[in-house]
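Take a look at the structure:
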């Protein structure tokens, strides 16, 4: 039984079990590989996407929970990279290997959609679920601040 | 760090530590002259700027001694399209250091290209064409900055020659500027695109005829103004890592591997796995007897229509394992075993003066033992590879640090001709040494072949990554110092006990030159009697290299111990450290009593000697910037450490605050870096910012422990990382400026080693508690 999703503004039908995490449907069925696998247990944030505008973890949310809801992935945030968060990331040279950055950017974008000018503590708290093994936190934090205050 | 000798070992050639090995250059056996002869130079190298103090002349590096060495032919690396697009091949793998951007940047600048018109393509694994591609050991910039610059100059010269010929004027009348060649007499111009065909048809001029730009004309080199080439792809989710390769009809696989090193699957329930919707096949992958090098460890694979189905299927396999002799491996018992070995004399690997006599008559002897457990790299992208094997050919896409090794290993594993194996290099979602080993790509290739040539993407889950790693060694470092009545250190005995990386390639219980050269025998202290010893210990897991390798336990021990001695003597740590470093000088490895040849990161000692003046300078710089000596509030403190690794000198001063519950926060780190000529300061800063975080993570969190031969950790919930809530709030990286003539040194790894000891020393300053075991147990820091 196909499950209907709205991914990056387009309705798609995914023929997969309802308990499959959205992450794997995006990556292996829809070939939207921008959303990354990092841990599979909701511990690293690499798979962060937006579900009806809220940041969620693609490896935890099941297809049946996402049915009919709006999913935004990194590919749909702004394909030209002009979202303020993407621009801030580029301006401050945030990425090293870059693998976790889709999740970081999606998390930051959701935070700023909710809070225009978060405090440092609010940035820390919002971003705490997203691991960067390269250790780009200083620049990630600064880029969230930059995106909030205008690029 | 994949090192010359590992590759040599794998290729059946003598290892570096062996007597008479060709690739351990010393002051005498690789001279500048022989290097220049190698380049076809008569010892001259023309520069626009006159030669003088600090002028650049080509210097030899270990690059030539690496397998298949360096390639200096610009026609291999550069092409120019009629529209002016300059395509530069990146032959080193990109895992986050920025080398895929920075090396082409060097070439582009010297050639006069406009960066906006530069395109980068990634070379497949093809060392006969591109020279060595083993992206490891912090070698990319230091071994290739000169080839990139020289190739850039050659292309620029060819463009100028083509323009001069087209205009019928002498070459001296034309000059390349930004993406154009200009006739200085008439002002007429021709774009690089217009000149491309004629220029690239010319023979490549000999190096001795090239004229290099003056450094004042650099537009990108040394500036830090070139963003990552892949920036836009990364922030829009279009960058392709190993996990992201998609081919028509591809299948997805995971493998159940032995939980104990050397174990083997006895039985499994293929039918139960195949009953999971989406599972296509269950396939046994043969193991390789220990030592398995980079061959797969074997196991049972589940191939499915999605990764998730494969994971679900694997859970149903119910594999029964034959564990083998490593099933008794227990980290706690092993630590005691290492300590017991370290308490006894070991093999002497450095002997200077008479340590026994000096310790016997010392006014005081101070002894301490430091411990560091196994660690896993835990790069954000776990090992992944996609392979298509059919009709006697293999095409593989992998996040490989050493793609040519992967290619030759696949050929060996599947019995294919190397010519029929292609390995494409994707971006790496972190590497840290793990992705130097191509076992995961071999697994993918085996499965594709077994599936009749269907494309198979193999995923290591995070659990696989933590439980079946090529672990960073575990180590006990025991140091004894003899102090005379005046508080001078007159004797230093350092015993190191750690399972060796060599055990992955050969049965070995002693460390080899590469490990010994990472902070043990190369100790630069000005102490008259020094002995370094290495006791034997058998490995029970696969040991691999992890960012900065043996430098981690060595800096942890030596730099903590110096702080302990300073405290013992009532001295300021910085002043005492400078006294130990002694006057500015270059260490003579022979006079230092180093057994055999000092392994100097594979590079000639004449070019990269251990220079205590540079060590002193980074200590002074970090301390000055950090405000060393300033008065600190209660339960806060500054800690210092300095360490030379990968030919780079690094000092860090860490500021900590220790809460009453023992929680340690790091408001600030000041790191001073002397890495020779800083080719891309912006990426250098990024590397040292990141190294601070990795150093903090290993200091507080990183331990893979074993019970019954099995790793006790499995994912980020029990193998934790520093996160946004506790990262070092401000990492200031202070780069020592140098001209191009000062040989470029390593950047990717050397930032890691000083961090943990600097943190421990800061904690001591803040609390009076001395921690000697990693990771730090913060419950010991609670206020009583």
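Chains as they are written, first to last, in the numbering used here: chain A, 3 to 153; chain B, 13 to 796. C-beta atoms are modelled at their ideal positions from N, C-alpha and C, and glycine is treated no differently.
Identified DSSP bridge partners for residue i
i: residue 297 of chain B; result: B/311
i: residue 475 of chain B; result: Answer by DSSP bridge pairing: none, since residue 475 of chain B is not bridged.
i: residue 436 of chain B; result: B/409
i: residue 203 of chain B; result: B/192
i: residue 598 of chain B; result: B/623
i: residue 364 of chain B; result: B/542
i: residue 718 of chain B; result: B/723
i: residue 333 of chain B; result: B/277
i: residue 713 of chain B; result: Its beta-bridge partners do not exist; DSSP assigns none.
Own chain residues within Cβ distance below 6 Å of residue i, not counting five before or after
i: residue 201 of chain B; result: 192 and 194
i: residue 22 of chain A; result: 65
i: residue 310 of chain B; result: 297, 298 and 299
i: residue 539 of chain B; result: 501 and 504
i: residue 29 of chain A; result: 35
i: residue 313 of chain B; result: 265, 267, 295, 297 and 459
i: residue 135 of chain B; result: 101, 103 and 142
i: residue 542 of chain B; result: 364 and 504
i: residue 186 of chain B; result: 172, 175, 176, 193 and 195
7 Å CB neighbourhood of residue i in its chain, flanking five on each side removed
i: residue 706 of chain B; result: 559 and 764
i: residue 203 of chain B; result: 96, 191 and 192
i: residue 497 of chain B; result: 375
i: residue 292 of chain B; result: 263, 315, 316 and 317
From the options, residue whose alpha carbon lies closest to that of residue i
i: residue 449 of chain B; options: B/505, B/308 and B/587; result: B/308
i: residue 8 of chain A; options: A/139, A/129, A/72 and A/52; result: A/72
i: residue 11 of chain B; options: A/134, A/16, A/117 and A/46; result: The structure shown has nothing for residue 11 of chain B, since chain B only spans 13 to 796.
i: residue 350 of chain B; options: B/488, B/280 and B/779; result: B/488
i: residue 116 of chain A; options: A/143, A/137, A/102 and A/57; result: A/57
i: residue 808 of chain B; options: B/165, B/222, B/715 and B/464; result: This structure cannot speak to residue 808 of chain B, because chain B is shown only from 13 to 796.
i: residue 797 of chain B; options: B/629, B/710, B/474 and B/768; result: There is no way to answer for residue 797 of chain B, as the model of chain B reaches only from 13 to 796.
i: residue 746 of chain B; options: B/353, B/697 and B/436; result: B/697
i: residue 476 of chain B; options: A/37, A/4 and A/41; result: A/41
i: residue 140 of chain B; options: B/79, B/168, B/657 and B/303; result: B/79
i: residue 619 of chain B; options: B/258, B/658, B/633 and B/644; result: B/658
i: residue 639 of chain B; options: B/339, B/650, B/149 and B/679; result: B/650
i: residue 482 of chain B; options: B/157, B/716 and B/322; result: B/716
i: residue 520 of chain B; options: B/534, B/536 and B/554; result: B/554
i: residue 480 of chain B; options: B/548, B/552 and B/655; result: B/552
i: residue 776 of chain B; options: B/606, B/670 and B/113; result: B/670
i: residue 102 of chain A; options: A/69, A/50 and A/25; result: A/50
i: residue 146 of chain A; options: A/17, A/44, A/109 and A/69; result: A/109
i: residue 428 of chain B; options: B/306, B/181, B/402 and B/337; result: B/402
Sequence-distant residues of the same chain with beta carbon closer than 8 Å to residue i, five excluded per side
i: residue 794 of chain B; result: 672, 673 and 674
i: residue 807 of chain B; result: Residue 807 of chain B is absent from the model: chain B starts at 13 and stops at 796.
i: residue 628 of chain B; result: 590, 593 and 596
i: residue 603 of chain B; result: 364
i: residue 83 of chain A; result: 89 and 92
Closer than 6 Å: residue i CB and nearest the ligand COA heavy atom
i: residue 552 of chain B; result: The ligand COA is absent from the structure shown, which contains no ligands of any kind.
Exercise. Which residues, in chain order, does the stretch 739-761 of chain B contribute to contact with chain A at a C-beta distance below 8 Å?
Worked result: So the close ones are 739, 740, 741, 742 and 743.
Problem set entry | Segment contact flag, the stretch 132-146 of chain B with the stretch 406-423 of chain B, C-beta cutoff 8 Å, min 3 pairs | Between the stretch 132-146 of chain B and the stretch 406-423 of chain B there are three or more inter-stretch CB-CB distances shorter than 8 Å, so the stretches are counted as touching.
For this session: Give the residues from the stretch 220-240 of chain B that approach chain A closer than 7 Å (Cβ to any Cβ), ordered along the chain.
Result: Correct list: 239 and 240.
Exercise. Counting pairs of Cβ atoms below 8 Å between the stretch 578-592 of chain B and the stretch 526-533 of chain B, do you hit three or more?
Worked result: By the Cβ criterion, the stretch 578-592 of chain B is not in contact with the stretch 526-533 of chain B, since fewer than three pairs of Cβ atoms, one from each stretch, lie closer than 8 Å.
For this session: Using a Cβ-Cβ cut-off of less than 8 Å, give me the residues of the stretch 713-743 of chain B that come near chain A, in sequence order.
Result: Listed in sequence order: 727, 728, 729, 733, 734, 735, 736, 737, 739, 740, 741, 742 and 743.
Exercise. Does the stretch 80-90 of chain A come close enough to the stretch 121-141 of chain A that 3 or more CB-CB pairs lie under 8 Å?
Worked result: No: fewer than three Cβ pairs fall under 8 Å.
Problem set entry | Residues from the stretch 368-392 of chain B in contact with chain A, defined by Cβ distance under 7 Å | Contacts with chain A (Cβ-Cβ distance below 7 Å) from the stretch 368-392 of chain B involve 390, 391 and 392, listed in chain order.
Exercise. Is the stretch 749-760 of chain B touching the stretch 679-695 of chain B in the sense that three or more CB pairs, one from each, lie closer than 8 Å?
Worked result: They touch, by the three-pair rule.
For this session: Decide yes or no for the touch test of the stretch 208-223 of chain B against the stretch 169-180 of chain B: beta carbon pairs closer than 8 Å, at least 3 of them.
Result: The stretch 208-223 of chain B vs the stretch 169-180 of chain B: in contact.
Exercise. What residues from the stretch 238-259 of chain B come within 9 Å of chain A, judged by C-beta to C-beta, listed N to C?
Worked result: If the cut-off is 9 Å between Cβ atoms, the stretch 238-259 of chain B has 239, 240, 242, 243, 244, 245, 246, 247, 248, 249, 250, 251, 252, 253, 255, 256, 257 and 258 near chain A.
Problem set entry | Members of the stretch 266-298 of chain B that neighbour chain A once the beta carbon cut-off is set at 7 Å | Listed by position along the chain: 289.
Problem set entry | Residues of the stretch 40-56 of chain A with Cβ closer than 7 Å to any Cβ of chain B, in chain order | Going along the stretch 40-56 of chain A in chain order, one finds 40, 41, 42, 43, 45, 46 and 48 with a Cβ nearer than 7 Å to chain B.
For this session: Name, going along the chain, the residues of the stretch 78-93 of chain A whose beta-carbon falls closer than 7 Å to a beta-carbon of chain B.
Result: Cβ contacts with chain B: 81, 83, 88, 91 and 92.
Problem set entry | Segment contact flag, the stretch 118-134 of chain B with the stretch 150-167 of chain B, C-beta cutoff 8 Å, min 3 pairs | A contact exists between the stretch 118-134 of chain B and the stretch 150-167 of chain B.
Problem set entry | Near-chain A residues of the stretch 451-480 of chain B (beta-carbon distance less than 9 Å), N- to C-terminal order | If the cut-off is 9 Å between Cβ atoms, the stretch 451-480 of chain B has 469, 471, 473, 474 and 475 near chain A.
Exercise. Taking one C-beta from the stretch 606-624 of chain B and one from the stretch 72-88 of chain B each time, how about it: are there three or more such pairs within less than 8 Å?
Worked result: Because the criterion of three Cβ pairs below 8 Å is met, the stretch 606-624 of chain B and the stretch 72-88 of chain B touch.
Exercise. Taking a cut of 9 Å between CB atoms, which residues from the stretch 131-148 of chain A lie near chain B?
Worked result: If the cut-off is 9 Å between Cβ atoms, the stretch 131-148 of chain A has 131, 132, 133, 134, 135, 136, 137, 138, 139, 140, 141, 142 and 143 near chain B.
Exercise. Which residues, in chain order, does the stretch 417-447 of chain B contribute to contact with chain A at a C-beta distance below 9 Å?
Worked result: Those residues of the stretch 417-447 of chain B that come within reach of chain A (Cβ to Cβ, closer than 9 Å) are 439, 440, 441, 442, 443 and 444.
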